[in-house]
Structures are given as C-alpha cells and as structure tokens.
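Written below as structure tokens is the structure these notes are about.
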Amino acid sequence: MKRVICLLLLLSYMCILFTGCFDAQEVTEWAYVYSIGMEKGVTDKLRMTVQMPSMKGGKGGGSEGGQEQGNIETITIDCPSFYAGVNMINSFVSRQINYMHAKYLVFSESLAREGIDSYITAFIRGRQIRRQMNVIITKGSASDFLKAHSVAISSSLSKKQQNLMDQGSNTGFFSDVTYGDMLDEAKAPYGQPIAILAAINDEGKFKPGEGTGQLPFKTSGDYYAGDLARRGGSKAEFLGTAIFDGGKMVGELNGDETRILLMLRNQFHRAFYAVRDPKMPNKTITMDVRGQKNPNIKVRFEGDKPVIDAKVFLEGDVLAIQSTIDYESKELKPILENEFRKLIKEQMDKTIKKCQLVNSDVFRFGSFAAMHFPTIPEWEEYNWLKRFKDAQVNTEVDFRIRRTGTMLKSSELFSTEGKKGE
Amino acid sequence: MANIFQTMKNVFTYKPEKGQAFELLEGSTEGVERENTPEAANLKPGSDTSDKTEGTSAEQTKDIPAEKNGKKVREKKTPLTVEEWNKQKNDEEASPDQTEEGLVSSDLSANLQKIKKEFGIPYNTDVMTRKFKIARKVNAFITYVDGMVDSTFVSDFVLRQLMEPRNFEEFFKEGNTENISDYINENVISVHEVGKMKDLNTIYFQILCGDTALFIDGAEMCLIISTRGYEKRSVEKPVTENVVMGSQEGFTENLRTNLTLVRKIIKNKNLITEMIKVGKTNQAYIGIMYMNGIVNQEVIKEVKRRLNSIDAAFVAGDGMVGQFIEDSPFMIFPQTLTTERPDRVASFLMEGKVAIISEGAPFAEVVPITFYHLLQTSEDSMVRWQYGSFLRIIRVFGIMVSAFLPAMYVALTLFHQEMIPTELLASIARSKEEVPFPTIVEIILLEISFELIREGGIRIPGVIGQTLGIIGALILGQAAVAAGLVSPILIIIVAVTGLGSFAIPNYPFGLSLRVVRFFFTFMAAILGFYGISLGLFLMACVACNIKSFGVPFFAPVAPKTKSAPDLVMRQPIWKQEERPDFLNPANRRKQSSNSRGWEHKKNGGKKQ
Amino acid sequence: MIKEGKIGVQEAIALIAITISVKVYFTSPSYVAKVVGTSSWYMTLISAATAIVGFAVLCKLLKRFPEKDLVEAFEQSLGRIFGFVFSLVLVLFLLISTAVMIREFAEVLKVYALPLTPPSFVIGILLTVTVLVCILGLESIARAARLFAYYILAGFLIVIVLAYNNYDYHNLFPIFGYGLDKTVIYGISRSSFYGEVITLGIIATSMQGLSHIKKAGYTALIISGLTTAIALGMSMMAFNYATGQEITSRMYVLSRIIKIGGFLQRLDPFFLFTWCIGTMVGISFLLYCTVSTYCKTFRIRDLRPTILPWAIILFTVSMIPDDLTTIAGYVQILRQYGWTIFFGLPLITLTLAVIRKKKGTSQRCQ
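Protein chains in written order, with numbering that gives the first Met the number 0: chain A, 0 to 421; chain B, 0 to 607; chain C, 0 to 365.
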C-alpha cells in the first residue's frame, strides 16, 4: 500500500514535470532568420526585411546539399517597430521568427545618417539577438540589398555569409565589425563605432568592350561599395567602412582607408597592395602585406591638446614585379620598402585627416588616451571624442619585405631589341 | 479509504533512522538475534501485555536453532499458529543439516537404510548404492551420485582393488589388529584423496559433491574417496571481456578450476582461499580469495560477515552473491566488479581487494571497487601507457556518448537551436519536415527498437545473431527514415549511442548507463541543458553516496585520497608505486620508487 | 549530535570556492561595474583580502572553542539566550542568501535560456533535486562538489580563453574606476561576496581539526578571489565599463560572444552546464547549512525531516520578489551589508569570549 501511494505521488509529480516543456520547441516550429534589414518605411516608420531559407524539399534523408539555392525567402514589411514587425510577419509566415542564427544586420544609409542609435540600443535586449551579428550599412534600400545578396558560389547562404566576412581579413577592404563592437564603442568614450559599407552593384560602372588599359595608377582599394566596375557574381558588394559619431553615420571610408583603419585598430591581417614601381612609374609591384606586430600608439597631452604618435608595423612578401628590376637585391629592396612606407603614410595621414574632419575617433585612439586618466569621472570630463579633431597626429610606418616569393632574382627579358632594361 | 489516508500519513510522518542500517546492509540474522535476547528476558514477568510483539519477533526469529526457539515459545504460551509455523519452518530448514543420530553406525544395513532414506533411493535414481564383498569376505557398499563420478575410475581403482583378495592377504593374517578401514585407506585404494568420516551429514554432502562413500560392515567409519568426474567446460576465451593484448583465459563454471587459474598467476603462499558455504538448499561453495599481508583485515571480516549472513535457499553464481552482499541495492550503479578474467582478479588481489568466486557462473566478484575500476580493462596495463591512456579516454568518451548523446540531441533541437551550426540546423529542419512525431517520441521509438535489436540479437541462435543485429539495425533505420517515421540524423545519434555503450568494458555498468540514458533524455525534454545538469547533479550526488564495502564510489577523486596515477590517465607502470589509500591496505607500497632498477643501480640492475 | 559525516580539505575547498565564485555568473558583475567601473577586478581582490581577515577571526573563535561548531561557539561564548539569537540571525541570513541566489539564478536562466518557463517551475524542480541531495547528506554534496570542481573550473577557463579575441586591455583604463577611495571602501564592504566561507564554521565538526578548516578556508578564498577577479577583469576587457554595467549576466554574454571561425561560435548553451551545476552545488550546500544551523540551534538531532519544510519555506521566500530589478536590488543590499552578519557575528562573539574569558575545552584532551 505504501508503495502504491509513493508511486502515485511520484507519478503525479511526473505529470507536473511533463507539463513543463514550456520552452521546448521543435526545429520545425521556427523560421530561422539569416539577415535582418532595416530602412525608413514608406507607409510606416520602419521597413523591415528578414531573409530566411525556406525549408522546402528534403523528403527523407540523403539529399541535403544544394537545396538551399533559390529557396531563400526575403520578406519585407512596413511596421512601427522591429518586434511589432516580427508579430506582423507571423500573420502570414507559419513559423515563429528566430534570430539566433542571424548573421547580418543591415541598415540603409539614409537611416544610418539619421541615426541608428535608437535601433542598436534597443535590439540587444532580446535574448535571440546576438552580439556577433555583423552590422552593414548599405547604400540604397536594405530590402533590395538583401534580395540581391543571394547565393552565387556556394549553395548555402549561411556559409556564404560566414565566408564573406572572413574575406574581410584577407583583403582588408572591410572589417568584420559586429553588433557588439558597435554597441561597446557607441556607449563608451574610447572611440567611435564603425560598420561595414555595402551596396548593390548594378554593373553600371562596367563598360563593355576592351579598353586601352592606359589609365593613371589607381590603388585597388580606391573604391566605395557599389563602385566596382564588374560584371557577374552576386550583386551585393562589401567594400569600405561607414563611420559613426555616436549612433549617427557621419562619413564613409573607401577600401584603402579601411585598411588603414584596420591597421591602426590592430585588426589588419593581410592584404594585397599594388604600388607604383619606383623606377618605372607605369608598372606596378604587388605585395602581400601583413601586420607584423601591434601598432605602437602613444598619446600625450601638450597642454590640453592631445598629441598622438602612431607607428604601424607591417611586413610583406613580394608577389609580382611587372618590371624586371631586381628589387630582390640588397640595394634596391629598401627603395621598394620606402616607396611602400610612403604610400601607407600618405594614406594614413589622409584617412586620419578625413576622420578628424567629421570628428570621429574610429581608430580608438581614445583607449590609449584613457590610460592617462586615473578615474572615470576625470576621463569623461575631458571629453576625448570632442577633442579628437584638435589632436595632432604623427604617423610612422615600418615595413619590411620578408620574402620575395618563389624568386630570388629577376632576370632580364630578351627580345629583338636585345636585353631589356638598363 | 481510511486505510489509504493512514498509509499516506505514514509516508509523510517522520521515522527515525534505524541504527546503522545505512552503513552496513547485510543479512538480518545476527542483528535480529541480538535484538531478540533482551526482549525475551523482558517478556517473562508480564507476559499478557506482549502477545503482539512476541508474534512479530517470533516471526523474525526463524533462523534461531529449533530447540532454543521452541523452548522460548513453550515458556510463553504464544498462539499456536506462530508456534506451529515456526516449528515447521525450523524442521524444514534443519532437515539437511541434522538427523537424530548423525554418526555412521557399525551396522552396515543400518547405514544402508539411512542412506536410502535420506536420498529417497527407490525414487531418486541418481544416487547409486552398490553392495559387494571386500576380498570376498567383508560386506560393504559404496554410494555415489551417478554422473558426478568418473565411473571407470570407480570401477578400476575402487571396486577392483577392494574385491581383489590378494590385496587383503596381509590383513587376514593372524594377529593383525589393524582396523579394516585404516588398512584399506593405507594399502588398498590407490586414489589421491581419501578421507575418513563419521558424521553422516558431511558424508551426504561429499556424496553430493561427487565423491564416493565406502561403508564397511563393522567399521564405524566411512571412507570418502575422491572420484569427482562430472562434466565441465574447459578453460576458454572470455566472452564478455575480450582483449587484444593480454591473457586469453576466462573463468569457467567450476570453482576449483577458477581458483587454480588465479593461483597460477599469483604463486605466493600469502594468497589465501577461504571457503564459505551459502545457499541453504543448493549448498554452493564460495571461495574468498585475498592476499594476506596486503588486504585490509576489516574488509575481509566484512565480506565474510556478509557472506555468512546470506539466508537464501538458492544461490547460484556470483551474480546472485553480489546482489546479496552489495551495500545499496537501490542505486543504479554496480557496486561489485564482475569479471571473467583470472588475470584481472589477480591484479585486483595484488591491490588489496577481495575476490569472491563462486560455483555456477564463469565470473568473479571483486570488492571493494570504485567508479574508475569500471572503466579499466586488463589490456590497459598490458600496453604501453600512452596507448593505455588513449584507450581509456576513448572509453570515457564512450560513456559520455552512451549516457548523454540522445539527451544532448533532444536538448539541442528543442531548446538550444542556436548551438547547432546553421547549415546543419537547416538540414535537420528540412529532414524533420515530413516526420509527424515530436523529437522525444522519435528518439524513444528509435532507442527502444535499438535496445530490442540488442536484446533480440543475443537470443537469436547461432551465427546469424550477430549479423542480424547490425543488418537489422541498418535496414530498420533506413526503412524508418524512408517511411517518414524518424529523421535521418536520429539514426546516427542512436547508432553512435549504441557504439558508445559497447565501448564500456564492464557489462553491468553498461547496462546501468543504458537505463540512465532514458532518465537524462526525459530531463532534457523537460528543461534542456538545465534539465540535463539537474539530472547530472542528482546522479552524481547519488553516486557519491554509494559505498562499496566502505569505499566511496568515486573514491580517489571524491573524496580525494592518495592513489597510484592510474585512474583515467594511466601513467607509466613504474610510477604506480602505491596501492590505493582508500582501501587502507596493510601494505601500501606496491613497488619501490625505482622499480626500473637497471637505470639506477650500479650492478646492472641485478637483484641482490 | 547530528551525524554529518566527514569531509576532507579538498572537498571543503571545492564546496566553498564553487559556492562563492558561481555568483559571477549572475547580476553581480554588472552592479559592481556600476559602482566602481573599470577597477572591479582588483576591488574583488580587496574584498577577498577582507574576507580572509574575517575568516581569520572565525578561526580564532573556533580555536578558542575547539571541536565546536559556530553555533556551539555562539552559545558557549554568549550564553544560551544570546547564542540562540545569534544562531537564529545566522539561519535567517543564510535562508535569505539562499533564496535570493535561487531566484537570481532562475531569473537569469529565464532571461537567457528558458524564456517561457515560469520561474516557479525552474525553482521548484531545482529545489526538488536540492532536497533529495540534502537528504543524502553533506558527504554526498561535498563529494559531488569535488567531482565537479575541475569541470566547473575548466568550463570557466574555457570561456575565458576562447573569448580571447574580444579582449582589449584598454578597457581596463582609467585604472582607478570611479575613484580609488570608492573602490577600496566598496571593496571592503563587498567582502560579503565571500561571506559563504563562514559556512565552514557551521560544518566545522565535519572537518578534521582546525588546521584543515584553516587550510580549506584560505585556499578556497584565494581560489575564488582569483577566479572572480579573472571573471570581472576579462569580462570588463571584452566589453567596457559602459556596456559592462548593462548586461544582465556578463559571464554568460562573454560565452555568447565567443567566435573563432565559423564553428566555434554560439556555444553559450554549452556553458550552461558549468553555470547550472555550480549553482546547484552552491544552493544545495547553502540549504544544507541553513538546515544544519537551524537544527543545531534547536538541538534537533536528525536534520533530514526538516529539509523538505525548509525547502518549501525557501521556495516561498524566493518567490516573494516581483521582478529581476527587485532581486538585483536585494542582492546588492546583501552583498553590501552582509559582512555585518557573516563576519560581524564571529567578531562580536570572539570579543565577548575574550572579555568574559570563556573558553571551550577539547574533549579529546579530556
């Protein structure tokens, strides 16, 4: 009898337990959003776009790969606020919207210029929103951008999103800045937030037919997103950086400037740089440039005015030398190195000036300045971000060519004119 | 109805803990006896108040020898029913042990009558009695159990020798005063083991064991001639504990063989084998083996105490013995280590543990054990320490997988989808689209069918068994996926879980994990990872509470005691200098700190 | 005398260190950041140092009353009535600490992992397990704590290490936070973060002598001080003093921002294990201490029947606060003024014992 009663008690307890699957939700009850887009609404305050894979197909096992292609659902809706929009979407999407796997948070440029602080500070409260989302500012409409951002090479959108961001560290053309970074920077006086600049490339810059190739030297990063003259591939393009003051976008940096930004932020990994051949100005030399060690940044104060000494350390390999000049030799190597240093220093000064002009310390020089203040009240009192524009910045670049690729020496070409070169 | 409320009240009312029951769970005989004696004394003066108490206590005293109990009952005039029941019970229990006149009489026919009566000879066809004349003169008969003796042996070395008059020429010479049984023992029977016995009960038991009893007219002695020759299995490879490297011998069903197999490995005079008879009716011998001088005497005492107290009619094999003597029968994890391998037993003995080897099953129980022993195989110490450690890590991984993988899957897909890589999530979601069941139903369905395949695979006769298990699982899985019953990823989960549980070297431990797995799966379905951690914490506390003969289950780690570096990571064998501290062995040191003597000693590492 | 079993030094260290340092997974780090900003990581070291002093007082007290636990020491030093009052205060305080910890845990869990599950369910099932575990006894809890100690520590360190690419040491500057004076004062008053070390006094009879208690207490304080400092420092480095104040559970968010390549990201649910099991160890231990102190105060010989009622009281108390903000407020009050109870009571007792020349005698010597 006692046993029976114990069993009954246990069973009733189990019953209570099993009512408890409050949070258990099957995978198929969710719709996983890959990207969230936001822009100014037409019929309401906000136009929100969510991009998610449709879970069609896949009867039974086996045939997973390749089904995602073309099965991306992009939904755009005008709504008063983000979470209101989520509910509105659920009036025609049969599954709950889930942002846990969202990778991109896209804002339109016009919205960003007006200020996205109210949005970025608001979302983070949701537990599904992750700090690891990449924040992207797109020129034009965010919904159009997301529609254009389809799968081209890989079959899986999520993989593409991931891989594309990894490319940032390979090219230095855009940073893989995340929502969390942006939030941290916007909320503390150490520096100013940045975001990835992106745009739809409508292939308008591309001129068909073959040209002459006789154009003045232009670096590969001298473009903003959407400006590349190209054809084919995904229409969405990531290039450059949007710079902010607080929550308001105040300017944009092109590819080269972004590289400088990354160097000074110590986030620069690797990029191919084309420099003019110092001896033959119509030819270029390409180098694989990597960050060597942390940049040496020192902030001091002359009176109230900050002085910043920034030294960047780079190293690189020679990838291609169009001329046959023997830059591998001991004598000529420093010439090439100096040429590159000059280029970077030039770009660096230009970039810093540009940011000082809009008074946005996106380089986080402030974090170095903070070391001179003992307490937070004093530091906040000083108001670094306001004084950044008055700062005097001395830059220096250190560059070493470590390797010259598979060649130790460039030999001359022979033609009917004899030995070329000298 | 009132009854129900009463019981409910009982469930909730506090009852103080009974003595030391928590510490020492064993047979009730001794405890009851001690409790009873003062009670009986109390009862004498005012008897009328305590009828009820007496009834219950008398019921408990079924083990007390008959005369004592009977006297007590008579004195106190308790209701007849109890008395009768007790008496009956006592007679029943006592019958194999006691007869009125327990000695061999000098009258041969009386002996024969007794034997016939005891063994129920006309009906019991197994026991043979053969009458004959020793040297054509003296009446005698032998008794044996047919099949238990080697019949050619009996004919050649017992009967032929006895019947041959020439063997007795000296005996029948004038002036010989020698007793006939002594004479036969010393001169006639050429058998290695002959005993003289008087006590009939012992004689019966010897006969049952396969010996031949020789009764001679006029002798008050019976000769027990060792003629055991029953069928037994030869020593074969162990079935449940296969290893690649290491000994390939396994225990058999025969106790003597098993003891020999261990003794073969440890050739030391300190290896003691004590025999204890358990099983009131089937009278099985149990051998307790230990190394004198290493083992903690307290453990030995406790083992013997528990074994002696077993009060059961039928005990066959050490699996049953283990259940009678384990500390906490309600805990899910095994508290004695069952092994089939003499070399493992030997190595445990050398660590100061006690082995209990019994007749009837090719296994030995080793106590006390800890959780970490359940992870180890004899192979670990045979291979070099790097490989040994690797194998153990794999095994730990197997344990994790077999206990947690389904639970993890349930928790991940129901609660923590963010942890699944996005691509995998998409493919899970897509394959799940067509499946009508919730994940938990799916997984239970598949788990149960997999368990069925395992269980069925053992029963399927012969060679097809093993192949059918695997192929059945494959085909079943495929078909289930094709029919849209389960999602394909689940097949992988369940299959890997199964693999994991096969990696566990200890079969009972594997069984326990197979049960625990369902518990975790339920917890995961209720609360995700939080549920699993709740379950894990509870399980760990419960397991920490287990003691195996006084040794906590997670002994060298929790509580922390000194031990050789041989838990999960197996360090080099020459580093394992000490026996585990939790056993409190009489001799802590297993080997000297420089057991690789050749490295240090000047004389080339030779022993002095 | 209650039969509590014996626990070793390592088990005691594991128990105390886990109980103390698991609190970094809750709302405390953010509140600390609110008050002292960037200097929180060494503020907690100051707290730990203060707690070590407090613990030294306890040790002195226990030395004066050898082979006695805290409750008996209260009684012997202050007499029946005041000793009783002191013990009762301790019981109430332990109860409130446990209740607040449970509720805080449930709320944070609800925020991050189980948004739809009602807190009563989370707490109910947690207390069910806790009651079962407490019935098994202190030995079991201590052993389980020892068993999980390394895994909890490993889980913690893995989070710290894997989040490496989010660290920026500049976020630790300005070095003095909101002022050095503020840091030191707050650090001292916040020593109650380590107040659980006082439970060693309650379970003193289970330990083998004062030297073991000392060893366990100091080691546990040092370990938990270091882990807390690491947790506060690293999570401050990963965020900054501004966002660091905002986040409900900074350590948990730290595990959320782990991202190494495409695969090693979004791992946070996995670290729920570390966090949940740590909390369970802590709550079981605190509940056990509450019940044990209560039973010792009222001289109840078997504490097991009182566990279930205590758990129900605990459940009720923990359900009283309305929302997370209220609880976080209570937590702050507890952390800021808890030292008066945790370290103040032994200090008063010791002082009075010295003044009144009360001294316990060792039974072993007799």
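C-beta atoms are modelled at their ideal positions from N, C-alpha and C, and glycine is treated no differently.
Note that the coordinates shown come from a computational prediction; the quantities given were computed from them, not determined experimentally.
Who are the Cβ neighbours of A:M87 in its own chain at under 6 Å, not counting the five residues just before and after it? Hits under 6 Å: I76 and C78.
Using a Cβ cut-off of 8 Å, pull out every chain A residue sitting near C:V110, in sequence order please. For C:V110, the chain A residues whose Cβ falls inside 8 Å of its Cβ are R126, in order along the chain.
Can A:I35 and A:A83 be called in contact, C-beta distance under 8 Å? Going by C-beta atoms, A:I35 is not nearer than 8 Å to A:A83.
From the DSSP output, which residues share a beta bridge with A:C499? Examination of residue 499 of chain A is not possible in this model, given that chain A is present from 0 through 421 alone.
Distance between A:R130 and C:C275 (C-alpha atoms, nearest Å): Their Cα atoms are separated by approximately 23 Å.
Which of helix, strand or coil does DSSP assign to C:E103? It is helical.
Does the beta-carbon distance from C:K67 to C:G343 come in below 8 Å? No, the pair does not count as a contact, with Cβ atoms beyond the cut-off.
For chain B, check one thing: does any of its Cβ atoms lie closer than 8 Å to the Cβ of A:D22? Chain B contact via Cβ: present.
Which residues of chain A have a Cβ atom closer than 8 Å to the Cβ of C:K33, listed in chain order? Those do not exist, as C:K33 stays about 11 Å from chain A at its closest Cβ, beyond 8 Å.
Under 9 Å Cβ-Cβ, which residues of chain A neighbour C:D322? Ordered by position in chain A, no residue passes the 9 Å Cβ test against C:D322, which lies about 15 Å from the chain.
So A:Q95 is in the beta strand (DSSP E); what residue range does that whole segment cover? Per DSSP, A:Q95 belongs to the beta strand (DSSP E) from Q95 to N97.
Does any CB atom of chain B fall closer than 8 Å to the CB of C:E3? At a cut-off of 8 Å between beta-carbon atoms, C:E3 makes no contact with chain B.
Can you confirm whether C:H211, when its beta carbon is compared against all beta carbons of chain A, has any partner nearer than 8 Å? Chain A, which has no Cβ nearer than 8 Å to the Cβ of C:H211, makes this no.
Using a Cβ cut-off of 7 Å, which residues of the stretch 152-185 of chain A contact any Cβ in chain B, in chain order? If the cut-off is 7 Å between Cβ atoms, the stretch 152-185 of chain A has S155, S157 and K158 near chain B.
Please return the same chain residues whose Cβ sits closer than 7 Å to the Cβ of A:A30, not counting the five positions on each side in sequence. Excluding sequence neighbours, A:A30 sits near M51, V92, R94, Q95, I96 and N97.
Using a Cβ-Cβ cutoff of 7 Å, what residues of the stretch 64-96 of chain A are near chain C? List them in chain order. Result list empty, no residue passes.
Beta-carbon proximity of A:A369 to A:P305, cut-off 8 Å: Against a cut-off of 8 Å, the Cβ pair of A:P305 and A:A369 comes out as no contact.
In the DSSP assignment, what are the bridge partners of B:C221? According to DSSP, B:C221 bridges with B:M196 and B:F214.
So what's B:V365 in DSSP terms, helix, strand or just coil? Three-state result, B:V365: strand.
I'd like to confirm the pairing. Which residues does DSSP put opposite B:N138 in its beta bridges? Beta-bridge annotation (DSSP): B:N138 is paired with B:K132.
Separation of B:S108 from B:P648, as counted between CA atoms: For residue 648 of chain B there is no data in the structure shown, the boundaries of chain B being 0 and 607.
What's the C-alpha gap between B:E577 and B:P460? Distance between the alpha carbons of B:E577 and B:P460 is about 47 Å.
Considering only the alpha carbon of each residue, which of C:L285, C:L69 and C:S96 lies closest to C:L346? Nearest C-alpha to C:L346: C:L69.
Determine which residues of the stretch 26-48 of chain A have a Cβ less than 8 Å from any Cβ of chain C, and write them out in chain order. Of all residues in the stretch 26-48 of chain A, none places a beta-carbon less than 8 Å from a beta-carbon of chain C.
If you draw a straight line from the C-alpha of C:T116 to the C-alpha of A:F21, how long is it? When only Cα atoms are considered, C:T116 and A:F21 end up about 5 Å apart.
Pull up the distance between the alpha-carbon of C:T242 and that of C:S291, whole angstroms please. Whole-angstrom Cα-Cα distance: 41 Å.
Quick check: the stretch 238-252 of chain C against the stretch 582-596 of chain B, are there 3 or more CB pairs under 8 Å? No, because fewer than three Cβ pairs between the stretch 238-252 of chain C and the stretch 582-596 of chain B fall closer than 8 Å, the two stretches do not touch.
Using a C-beta cutoff of 8 Å, does C:F155 count as contacting chain B? No - not a single Cβ of chain B is within 8 Å of the one on C:F155.
Does any C-beta atom of chain B lie closer than 8 Å to the C-beta of A:P52? Contact of A:P52 with chain B is assigned, a C-beta pair being separated by under 8 Å.
Give, in chain order, every unbroken run of the beta strand (DSSP E) that is at least 3 residues long and sits entirely within the stretch 281-345 of chain C. Considered as a whole, the stretch 281-345 of chain C harbours no complete run of any beta strand (DSSP E) with no fewer than 3 residues.
Under 9 Å from the C-beta of C:A162: neighbouring residues of chain A: Simply none; closest approach about 11 Å.
Please check if any C-beta of chain C sits within less than 8 Å of the C-beta of B:L526. Closer than 8 Å: yes.
Where do the ends of the beta strand (DSSP E) carrying A:Q291 lie? T283 to E301 is the span of the beta strand (DSSP E), which, as asked, contains A:Q291.
Can you list, in chain order, the residues of its chain with a C-beta nearer than 6 Å to that of B:L207? Leave out the 5 residues immediately preceding and following it. Taken in chain order, the list of residues that qualify is empty.
Going by DSSP, what residue range makes up the beta strand (DSSP E) through B:I529? Position check: residue 529 of chain B holds Tyr in this sequence, whereas Ile was assumed. B:Y529: not part of any beta strand (DSSP E); member of the alpha helix (DSSP H) spanning Y506 to N544, first to last residue.
6 Å Cβ shell around A:T73 - same chain, five flanking residues per side excluded: If you ignore the 5 residues before and after A:T73, its C-beta comes within less than 6 Å of the C-beta of Q50, L145 and K146, all in its own chain and listed in chain order.
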